[in-house]
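Engineer: First the structure, which I've put down as structure tokens, then a few questions once you've had a look.
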Ligand code: HEM
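Protein chains in written order, with my numbering: chain C, 10 to 404; chain Z, 27 to 567.
Put into structure tokens, the structure is as follows:
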């Protein structure tokens, strides 16, 4: 049994590497004359992507056998699955439109998501009774597929914006585009900093009052923000620079806040270095490479991904969720934060689709909406899971 | 009504923008769809006459026009979206700890922001009147908006002719003109191979596919409306039962809200937890947990139907109809009702046995007696002739400022004040006994009561549900899915071809997915001599 778990995690590792290599091949296609799938690098890229995907399917199946339940039951498993489905969604879109550049942008996002996932506990976890339901698997997987397809629309939207936004002068557009890139760098920052201190087994402890009792709080990163009224109980010399605001409560609130600060700071450092090397806005540096991409086609891909993803998302995140909630908690809808954010995501994409029907909402505006939709999905995945704990909170 | 007769002979209703039959722009109405500012025609509703764009005279018209505006609809969606997110800033009232007083809880937990949150009523946002009003407005908007468009759109699509006015063709997004000879027959057979429906009228051809996808939005809106109506039905009490019952092991109780018709017996309640040895695969995860992780909550139950005519006071005659293992995620169902495993209490006391002996000498026993806690007797005769009388019974004993009290009527921590009458005595000794305690108030008692044993049992908490609104919600959801897939996974493509003496015009339109129709056209014109239409609406760059 233990062996199967090892095989499983090795397969995941292999898939990660294969995606990374595929990304480089897609990178090699950019800027060349051929934008359709006929370039050699593109063919290798998509082949590798498919091999990587099958490898990850191997991870999924072996883990399923080992744990005896579908591996979508904790944050690590769900997020990894989401990354896998992003690759799947990309493969579908690739065979409709044959655009290598979509791979160049989708795969890194999927890679980041998988890397992000592996920062969470990776043990096979037991299922509490309310999670023991086929509807749970059906709901979670379908919702993840829907969100993954919508994420491709984000990748396409981002390409569109980098391609189209006027970089000769500073504007709201250039600012927010850099902000999106910075947010991606911060996710990378989170992965890097967590891995680095994880490798050192870094730990520092605080004692702080919580609901009238003094509890111990573990930090795995040096404390920038200590717990409110907290007292260090490790010999560690790096003290907190300041305290977490009082309203951030809960056993792990302050350490999560601290991790967020670290991620944002590391992201800032990465962004700063990249900016120093490029000596211009990151988007401005990428822009020339995308001149061969047809903005019309990219705009259509972004919209198409929403029109494919929206029904799947509705089915998975709302309808199947309601059926499961009805079976598990005898109420199909309970207004818990995770449910509300699924509803918000759905309303947002309904908004997107309706606007798309009017004139003047194609192109840049539509691309911004695709970016906004993805931001909501990520908010639901990360912030609602970690910050606004609800019934679904896997962590 | 001012009907508009087109030069092609077709009579159009007032407010028409493009002739339903031939597509010729109707003069004086072009502003309605914004066609005068644009080289291309707005094809969204085929230029059909919508009520909302035609009449604006009285209050009914104005209300109709307000709700049929997509702009209004989109605003309603955005406002609902933002409002919904506000409700997640702090927990809703139903998620704060049970027993907490919301009036103080929010302030204590979240400070001033929490207090404002509470005072604005955001702690119950989703059942607030204004939130429900928003949803209702979306519903109204959906209905009016759909009716406003679907009827004229249907008319226009039914009336369309292959022969089109030249401005209609020229002002399509895809258009080209070919001089010279072209192979029409090949063109038609290719179209058919691409599964287009081809109609021909003299030298004009219309090839069409996927028209049904145009009805997708209306179908999905109908689904939404049914869903919303289903949700509305919840406000009718008869549609909906939500009750709860505690059942002790071994007990049979009437199921509430079934008018005394159904009973449930709790044969056994089972709580299982994961154990590292049996579940080796979870070992690592289980070691991280401080408390045991539950794996199963289960009630082995029997559901009975009462068969005798109901008479007050008479013992019911029960016939078992369903022997069920009720687990979380596996409710027991009977006659439209469902019983859900929702809660439990472990180890409630059922029986307690006491032994009376001489103080300081446990060997000198005067007798033993057992109290049935579900129906305690007041007096117990022991073998030796001694008598024990229960003076006070505290099922769930606790000390409230030095006063003994009971938290509930459930025997979770039973304690008693006993009057002990030794054999032949008329004056009792007073003894206070419970779990792990035995207090002699005077300190002069000659006899002592000792707990000799007890029985416990579990209590299961079952939720009773009956919900006649579910079928509406299910059907609404199903229709929504059908509509949304119909509209999103298919699209309505049309290709027009018109031949005159020396030239051929070809035009194409799709409601979405232009890349797809361009590929279709590329395929069907191959080798026919027809020139590929130009996309007249390319983004710059
Ligand atoms: C949450 C509520 C709603 C949802 C989920 C929804 C969903 C949809 C979807 C999926 C489409 C198809 C879009 C496409 O084909 O690209 C659509 C179209 C449409 N919706 Fe809604 N809708 C909602 C509310 C409304 C409201 C309130 C209005 C009223 C103003 C409205 C008016 C329309 C119109 C006019 C169309 C276009 C029909 C067409 O051009 O063929 N919708 N809706």
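Yeah, the Cβ is synthetic: ideal placement off N, Cα and C, and Gly gets one too. Since the structure is predicted, the reported quantities are computational estimates derived from the model, not experimental observations.
Could you give the first and the last residue of the continuous alpha helix (DSSP H) run that contains residue 417 of chain C?
Structural biologist: The structure shown does not extend to residue 417 of chain C, since chain C is modelled only from 10 through 404, so no value can be given for it.
Engineer: According to DSSP, residue 382 of chain Z sits in a beta bridge with which residue or residues?
Structural biologist: Its beta-bridge partners are Z/393, Z/475.
Engineer: Which residues bound the alpha helix (DSSP H) around residue 348 of chain C?
Structural biologist: First-last of the alpha helix (DSSP H) with residue 348 of chain C: 346-365.
Engineer: Quick check on residue 29 of chain Z: does DSSP put it in helix, strand or coil?
Structural biologist: Looking at residue 29 of chain Z - three-state DSSP - the assignment turns out to be coil, as it is neither helix nor strand.
Engineer: How many Å lie between residue 460 of chain Z and residue 211 of chain C at the Cα?
Structural biologist: Roughly 51 angstroms separates the two Cα atoms.
Engineer: Which two residues bound the contiguous alpha helix (DSSP H) that contains residue 544 of chain Z?
Structural biologist: Residues 540-551.
Engineer: Could you give the DSSP three-state label for residue 357 of chain Z: helix, strand or coil?
Structural biologist: DSSP places residue 357 of chain Z in coil when its eight states are reduced to three.
Engineer: Distance, Cα to Cα, residue 430 of chain Z vs residue 420 of chain Z?
Structural biologist: Straight-line Cα distance between these residues: approximately 8 angstroms.
Engineer: Is the shortest distance between the beta-carbon of residue 358 of chain C and the beta-carbons of chain Z less than 8 angstroms?
Structural biologist: False, the Cβ-Cβ gap to chain Z never drops below 8 angstroms.
Engineer: State the beta-bridge partners of residue 282 of chain Z as determined by DSSP.
Structural biologist: Looking at the DSSP assignment, residue 282 of chain Z forms no beta bridge with any residue, so it has no partner.
Engineer: Can residue 325 of chain C be considered in contact with the ligand HEM, in the sense that its beta carbon sits closer than 7 angstroms to one or more heavy atoms?
Structural biologist: No, since every heavy atom of the ligand HEM falls outside the 7 angstroms radius drawn around the Cβ of residue 325 of chain C.
Engineer: Residue 482 of chain Z and residue 360 of chain Z - do their beta-carbons sit closer together than 8 angstroms?
Structural biologist: No, the pair does not count as a contact, with Cβ atoms beyond the cut-off.
Engineer: Should residue 344 of chain C be labelled buried (16 or more other beta-carbon atoms within 10 Å of its own) or exposed?
Structural biologist: With 16 or more Cβ atoms within 10 Å of its Cβ, residue 344 of chain C is classed as buried.
Engineer: Could you confirm whether any beta carbon from chain Z is found closer than 8 angstroms to the beta carbon of residue 29 of chain C?
Structural biologist: Chain Z, which has no Cβ nearer than 8 angstroms to the Cβ of residue 29 of chain C, makes this no.
Engineer: Rounded to whole angstroms, what's the CA-CA distance from residue 79 of chain C to residue 379 of chain Z? Just pull it up for me.
Structural biologist: Going by the C-alpha atoms only, they are around 50 angstroms apart.
Engineer: Tell me whether residue 74 of chain Z sits in a helix, a strand or coil according to DSSP, three-state version.
Structural biologist: Coil, per DSSP.
Engineer: Output, in chain order, the set of chain C residues within a Cβ distance shorter than 7 angstroms of residue 220 of chain Z.
Structural biologist: The contacting residues do not exist; residue 220 of chain Z stays about 17 angstroms from chain C at best.
Engineer: Within the chosen definition, does the region 371-388 of chain C reach the region 178-190 of chain Z through at least 3 CB pairs nearer than 8 angstroms?
Structural biologist: The answer is no - the region 178-190 of chain Z does not touch the region 371-388 of chain C, with fewer than three Cβ pairs under 8 angstroms.
Engineer: By alpha-carbon positions, which one of Z/377, Z/350, Z/373, Z/372 ends up nearest to residue 365 of chain Z?
Structural biologist: Closest option to residue 365 of chain Z, Cα to Cα, is Z/350.
Engineer: First and last residue of the beta strand (DSSP E) that includes residue 295 of chain Z?
Structural biologist: From DSSP, the beta strand (DSSP E) with residue 295 of chain Z extends over 288-299.
Engineer: What is the C-beta distance between residue 125 of chain Z and residue 133 of chain Z, in whole angstroms, given that I count them as a contact (C-beta under 8 angstroms)?
Structural biologist: Actually they do not touch by this definition, with Cβ atoms about 17 angstroms apart.
Engineer: Within the chosen definition, does the region 194-201 of chain C reach the region 213-224 of chain C through at least 3 CB pairs nearer than 8 angstroms?
Structural biologist: In short, these stretches do not touch, since the Cβ pair count stays below three.
Engineer: Consult DSSP for residue 323 of chain C and reduce its assignment to one of helix, strand or coil.
Structural biologist: Residue 323 of chain C falls in the helix class under three-state DSSP.
Engineer: Within 10 angstroms of its Cβ, does residue 164 of chain C collect 16 or more other Cβ (buried), or is it exposed?
Structural biologist: Residue 164 of chain C should be labelled buried.
Engineer: Can you grab the Cα-Cα spacing for the pair residue 557 of chain Z / residue 536 of chain Z, in whole Å?
Structural biologist: Those two C-alpha atoms are separated by around 19 angstroms.
Engineer: Between residue 17 of chain C and the ligand HEM, is there a pair consisting of the residue's CB and a ligand heavy atom that are separated by less than 7 angstroms?
Structural biologist: Not under cutoff, so the answer is no.
Engineer: At a CB distance below 8 angstroms, what residues from the region 306-321 of chain C approach chain Z? Give them in sequence order.
Structural biologist: Residues passing the 8 angstroms Cβ filter: 306, 308, 309, 312, 313, 316, 317, 319, 320.
Engineer: Can you confirm whether the region 344-361 of chain C touches the region 101-116 of chain Z when touching is taken to mean that 3 or more C-beta pairs between the two stretches lie within less than 8 angstroms?
Structural biologist: Contact holds: three or more Cβ-Cβ distances are below 8 angstroms.
Engineer: How should residue 205 of chain C be labelled, buried or exposed, when 16 other C-beta atoms within 10 angstroms of its C-beta is the threshold for buried?
Structural biologist: Looking at its Cβ environment, which holds fewer than 16 other Cβ atoms inside 10 Å, residue 205 of chain C is exposed.
Engineer: Nearest-angstrom Cα distance between residue 302 of chain C and residue 110 of chain C?
Structural biologist: Each residue's alpha carbon lies about 8 angstroms from the other.
Engineer: Counting only Cβ pairs nearer than 8 angstroms, list the residues of chain C close to residue 312 of chain Z.
Structural biologist: What residue 312 of chain Z touches in chain C: 135.
Engineer: Does the beta carbon of residue 168 of chain Z fall short of 7 angstroms from some heavy atom of the ligand HEM?
Structural biologist: Because some heavy atom of the ligand HEM lies under 7 angstroms away, the Cβ of residue 168 of chain Z counts as near it: yes.
Engineer: Do residue 265 of chain Z and the ligand HEM come close, with the Cβ less than 7 angstroms from some heavy atom?
Structural biologist: Flag unset: Cβ of residue 265 of chain Z not near the ligand HEM.
Engineer: Determine the burial state of residue 404 of chain C: buried for a count of at least 16 other Cβ atoms within 10 Å of its Cβ, exposed for fewer.
Structural biologist: Low per-residue confidence applies at residue 404 of chain C: pLDDT is 34, beneath 50, and the placement is therefore not dependable enough to give any value.
Engineer: Say whether chain C places a C-beta atom closer than 8 angstroms to the C-beta of residue 321 of chain Z.
Structural biologist: Residue 321 of chain Z counts as touching chain C.
Engineer: Report the three-state DSSP secondary structure of residue 563 of chain Z (helix, strand or coil).
Structural biologist: Note: residue 563 of chain Z maps to coil in three-state DSSP.
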